[in-house]
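Asker:
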Amino acid sequence: MEEQAQNKQIGAIAVHSQYIKDLSLEIPHAPEIFSEIKSAPKIDVHVDVKSEPKGNNTYTSQLSISMNGKVEDKTLFVLELTYAAFAEVNVPAEHLEPVLMIELPRLIFPFARNVVTQCLTEGGLPPFMLNPIDFAALYAARRQAAANDAAH
Numbered sequence: 240m241e242e243q244a245q246n247k248q249i250g251a252i253a254v255h256s257q258y259i260k261d262l263s264l265e266i267p268h269a270p271e272i273f274s275e276i277k278s279a280p281k282i283d284v285h286v287d288v289k290s291e292p293k294g295n296n297t298y299t300s301q302l303s304i305s306m307n308g309k310v311e312d313k314t315l316f317v318l319e320l321t322y323a324a325f326a327e328v329n330v331p332a333e334h335l336e337p338v339l340m341i342e343l344p345r346l347i348f349p350f351a352r353n354v355v356t357q358c359l360t361e362g363g364l365p366p367f368m369l370n371p372i373d374f375a376a377l378y379a380a381r382r383q384a385a386a387n388d389a390a391h
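No gaps in the numbering here: position 124 of the sequence shown is 363 in this note's numbering, and each next residue is one more.
1) Is DSSP giving histidine 391 helix, strand or coil here?
2) Taking 8 Å as the cut-off, decide whether the C-beta atoms of lysine 260 and alanine 323 are in contact.
3) Would you mind stating whether asparagine 307 and aspartate 283 have Cβ atoms separated by less than 8 Å?
4) Would you mind sorting arginine 381 into buried or exposed? The rule is 16 or more other CB atoms within 10 Å of its CB.
5) For tyrosine 258, decide whether its Cβ has a neighbour in chain C, counting only Cβ atoms nearer than 8 Å.
6) Assign glutamate 265 to one of three DSSP states: helix, strand, or coil.
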């Protein structure tokens with residue numbers, strides 16, 4: 240019976256909470272810039288993922304999204320969001336890093352995307368929906384960059 244309980248827990252991810260850790264929206268040229276929006280602004284998006292152990296198989300996974308919107312050469316807005324999850328993760332050690340850097344961010348991304356959309360809309364800006372993010376590719380690129388740095 241105890242073995243069955245242990246088998247059920249292996250491979251389990253339990254998100255205990257998710258939350259906005261940090262949120263900032265700046266519209267430096269408001270309100271004048273609103274009349275200058277004639278077409279879709281150019282928006283640069285940067286994403287980063289970090290994780291941190293908290294003890295007893297619990298971890299935080301943080302998804303940071305930085306956005307910079309421009310109208311011609313003027314800054315329309317700067318948005319920075321750190322959205323996090325606090326989770327208990329019971330997976331074999333070799334799967335822990337991918338779970339923290341791929342699976343947990345994938346689980347919380349829709350909520351972070353909603354915060355971004357809501358913040359921009361409430362800030363008086365045109366609606367914007369973040370495209371889905373390939374966290375596996377982001378993780379692979381980060382590992383490749385680390386391997387390249389280690390080789391030099």
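Ideal Cβ placement from N, Cα and C applies to all residues, glycine included. The structure presented is a predicted model; accordingly, all values stated were derived computationally and were not measured.
Answerer: In terms of the structure at hand:
1) Correct three-state label for histidine 391: coil.
2) Inclusion of lysine 260 and alanine 323 in the CB contact set at 8 Å is warranted, their separation being smaller than that value.
3) Annotated as proximal: asparagine 307 and aspartate 283, with beta-carbon spacing under 8 Å.
4) By the neighbour-count criterion, in which 16 or more other beta carbons inside 10 Å mark a residue as buried, arginine 381 falls on the exposed side.
5) You won't find chain C in this structure, because it holds only one protein chain.
6) Three-state DSSP puts glutamate 265 in a strand.
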